[in-house]
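So for the sequence shown, the numbering used here puts the first residue at 484; every next one is plus one. Using N, Cα and C, we set each Cβ at its ideal position, and we do this for glycine too. Below is one structure, written out as structure tokens; comments come after it.
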Amino acid sequence: MKFAGWALGLFWLLGGLSAGTAEEGEEKKPVLPPPPEAVTALFKPISPKEIPGNMIKLVGDDWMLISAGNEEKFNGMTASWGGFGVWNKPVAFILVHKDRYTYEFLEREEYFTLSFFEEKYRPQLKMFGTKSGRTVDKLKEAGFTALSMKPGMAYAEARMIVVCKKLYAERTKAENWFPPKNAPADPERVHKLYFGEIVSVWIKK
């Protein structure tokens, strides 16, 4: 499995894409169950507007773990393609290759999480990006503790966790690149773009 920690970090501000007002297409925020005590013991909730740091550095340089699944089975992968913005509501977006094991979980699950870590965990993030959960117990090898966010799965060692509800997904297409010559020549390099509504953000106490 190839390492997903690419050097490029993306940041899109999408509020201007909606032609209507927030009221016209407004949807109610998902009603989530109370967070488990294991979460509230380690983390405190903050608003998406309070996410600290530079967004480009946060994703592109510091990296993140994209995770999807449930308490019975979940998988995570390292990535630095994605970002945060506004699409009538606070959103996060990620790009994932179809060959990644995490892709299978993203396709069938309604929620996914983005976990951010202190620099001391860089070796673990490298491992999550170079090995496959199909053949390796990455959680065990990293020495991480699984944390059920209800909904979504994350890690107790994270310094910040963003929980997202899938909002929109689409494969990148060669004809949509500008200019078209910039499109990947190899169709196997095509990724899927996921937008998720940010339903909660948790920062380490």
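From the options, pick the residue whose C-alpha is nearest to that of residue i; which is it?
i      : options                        : result
Phe526 : Phe661, Glu640, Gly566         : Glu640
Ile577 : Glu601, Phe557, Ala551, Lys556 : Ala551
Gly616 : Ile529, Ala629, Thr596, Arg583 : Arg583
Leu515 : Phe557, Lys648, Ala657, Glu587 : Lys648
Ala689 : Val542, Leu630, Leu597         : One cannot answer for residue 689 here, as it falls past the ends of the chain, which runs 484 to 688.
Gly543 : Ala652, Gly626, Ala562         : Ala562
Glu593 : Gly568, Ala652, Pro519, Glu520 : Ala652
Ser530 : Val682, Lys688, Lys687         : Val682
His674 : Met560, Glu590, Arg654, Val645 : Arg654
Glu554 : Met560, Ile534, Pro663, Tyr638 : Tyr638
Pro667 : Ile534, His580, Pro606         : His580
Are there 16 or more other CB atoms within 10 angstroms of the CB of residue i, so buried, or fewer, so exposed?
i      : result
Pro634 : buried
Phe661 : exposed
Gly612 : buried
Thr628 : exposed
Ala657 : exposed
Gly565 : buried
Lys614 : buried
Glu506 : Per-residue confidence for Glu506 stands at a pLDDT of 47, beneath the threshold of 50, marking its modelled position as unreliable; the derived number appears in the next sentence. Exposed: under 16 other Cβ atoms inside 10 Å.
Ala625 : buried
Gly536 : exposed
Pro519 : exposed
Between residue i and residue j, how many whole angstroms is the CB-CB distance? I'm expecting something under 8 angstroms.
i      : j      : result
Leu650 : Glu601 : Actually they are not in contact, since the Cβ atoms of Leu650 and Glu601 sit about 29 angstroms apart, beyond 8 angstroms.
Tyr548 : Leu608 : At residue 548 the sequence reads Leu, which differs from the Tyr that was named. Between Leu608 and Leu548 the Cβ distance is about 7 angstroms, and since that is below 8 angstroms, they are a contact.
Met538 : Phe567 : 5 angstroms
Met643 : Trp685 : 7 angstroms
Met610 : Val522 : 24 angstroms between Cβ atoms; not a contact.
Ala575 : Val645 : 6 angstroms
Trp570 : Phe678 : 6 angstroms
Could you check whether the Cβ of residue i sits closer than 8 angstroms to any heavy atom belonging to the ligand FMN?
i      : result
Val645 : Of ligands this structure carries none, so the ligand FMN is not represented either.
For chain B, find out if any of its Cβ atoms is closer than 9 angstroms to the Cβ of residue i; answer yes or no.
i      : result
Tyr604 : Included in the structure is just one protein chain, with no chain B present.
For this session: Mind listing, in chain order, the continuous beta strand (DSSP E) runs of no fewer than 3 residues lying wholly within the segment 544 to 600?
Result: 547 to 552, 557 to 562, 565 to 569, 573 to 580, 594 to 599
Problem set entry | Every unbroken beta strand (DSSP E) within the segment 628 to 654, with a cutoff of 3 residues, ordered by chain | 629 to 631, 636 to 638, 643 to 654
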